[in-house]
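Using full-length UniProt numbering, read the sequence shown as starting at 1 and increasing by one per residue. Each residue gets a CB set at the ideal place from its N, CA and C atoms; glycine is no exception. This report refers to the structure that appears directly beneath it.
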Amino acid sequence: MELPDLFWNATLEELKEGFIQTDHSYRCLLCGESIEKGLVYQKDNVFYEAERYMRVHIESVHESVFQHLIRLDRKLTGLTEHQRKLLELFYEGRTDREVQDALDIGSASTIRHHRFALKEKERQAKTFLAMMELLKEKDENAPSFISVPPTAKLVDKRYDLTKSEYDESILKYFKDGRLTKFPLKEKQRMIVIREIAKSIEDDKTYDEKGLNALLGSFYEDYVLIRRYLIEYGLLDRKTDGSAYWLKK
């Protein structure tokens with residue numbers, strides 16, 4: 001199961017924890033890091049059992065589950081920029097007066113109104129989630145959609161992909177593991193770029209030469225592929241282009 005599927009199929013409690021537990025490991029829902037059970041891990045001269053080390057991983061790499069989630073694209077959270085700033089300040093434990101000063105909001109009553117609006121949004125989300133869960137039990141004609149990567153930029157209709165669309169495009173544009181031509185349509189571009197991204201190893205940093213060699217094994221214009229990997233939020237890099245890695 002790919003990381004996006006792990007993320008989107010997790011329960012609310014699992015999302016709050018930031019990881020899932022399997023028979024043999026703990027796996028981070030935010031980046032896919034896997035910690036094997038039964039081993040002891042060391043960080044900064046401190047030893048941790050596996051579950052605690054997974055929590056240390058989330059704190060050191062992602063700061064917190066809350067911080068990771070709130071930084072996701074607005075299309076994934078449904079939050080306006082103003083709401084995002086409010087939630088961050090509330091999460092930091094700021095008083096209403098401190099929030100008022102930080103955001104230059106006119107009065108304490110305005111803060112209370114925003115708190116009420118966020119509570120309403122929570123109730124709406126719970127109701128909608130319950131309806132969608134009930135719908136799954138009845139809607140036999142619903143197509144299977146490809147999950148949106150949590151690191152995706154500008155989530156729009158390009159990500160409106162069914163599994164059948166994805167599979168058909170892979171058959172159309174790939175032959176013997178290579179990309180035969182670069183698609184003209186945006187949705188098909190997204191599909192081939194996501195497929196190529198699967199070959200980039202988790203937790204591995206590539207220099208430019210190594211990445212170009214990997215991408216060149218799929219398509220001769222590896223610079224084009226690299227650019228779209230970055231544009232679609234799948235690949236990250238140092239500003240000088242000396243190192244590249246799978247974005248988490």
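Taking the Cβ atom as the reference point for each residue, do residue i and residue j lie within a distance shorter than 8 Å?
i	j	result
residue 70	residue 53	no
residue 50	residue 32	no
residue 8	residue 147	yes
residue 233	residue 143	no
residue 66	residue 91	yes
residue 158	residue 190	yes
residue 196	residue 215	yes
residue 208	residue 241	yes
residue 166	residue 192	no
residue 248	residue 235	no
residue 228	residue 212	no
If we ignore side chains and look at the alpha-carbon of each, how far apart do residue i and residue j end up?
i	j	result
residue 107	residue 11	38 Å
residue 169	residue 187	10 Å
residue 118	residue 243	40 Å
residue 130	residue 76	18 Å
residue 98	residue 181	56 Å
residue 86	residue 105	11 Å
residue 109	residue 94	15 Å
residue 6	residue 29	6 Å
residue 18	residue 198	22 Å
residue 179	residue 74	32 Å
residue 89	residue 57	24 Å
residue 111	residue 100	7 Å
residue 210	residue 128	46 Å
residue 226	residue 176	21 Å
residue 1	residue 72	With a pLDDT of 48 at residue 1, under the threshold of 50, the predicted position of this residue should be treated as unreliable, and no value is reported.
residue 63	residue 15	15 Å
residue 41	residue 114	43 Å
residue 78	residue 145	19 Å
residue 134	residue 237	42 Å
residue 152	residue 231	9 Å
residue 164	residue 171	11 Å
residue 55	residue 206	27 Å
residue 123	residue 83	16 Å
residue 120	residue 80	15 Å
residue 204	residue 139	41 Å
Considering just the uninterrupted stretch of the beta strand (DSSP E) at residue i, what are its terminal residues?
i	result
residue 19	19–21
residue 47	46–49
residue 41	40–43
residue 158	Unbroken run through residue 158: none, as it is neither H nor E.
residue 36	34–36
residue 28	25–28
Along the chain, where does the alpha helix (DSSP H) that runs through residue i open and close?
i	result
residue 172	163–173
Can you check whether the C-beta of residue i is within less than 8 Å of a C-beta belonging to chain C?
i	result
residue 230	Chain labels in this structure do not include chain C; a single protein chain is all it has.
Q | Segments assigned alpha helix (DSSP H), at least 4 residues, entirely inside the stretch 58–125 | A | DSSP runs (the alpha helix (DSSP H)) wholly in the stretch 58–125: 65–70, 74–77, 81–91, 96–103.
Q | Start-end ranges of the alpha helix (DSSP H) lying completely within the UniProt domain "DUF2087" (178–246), minimum 4 residues | A | Unbroken alpha helix (DSSP H) runs of no fewer than 4 residues, entirely contained in the UniProt domain "DUF2087" (178–246), are found at 186–197, 208–216, 222–231, following chain order.
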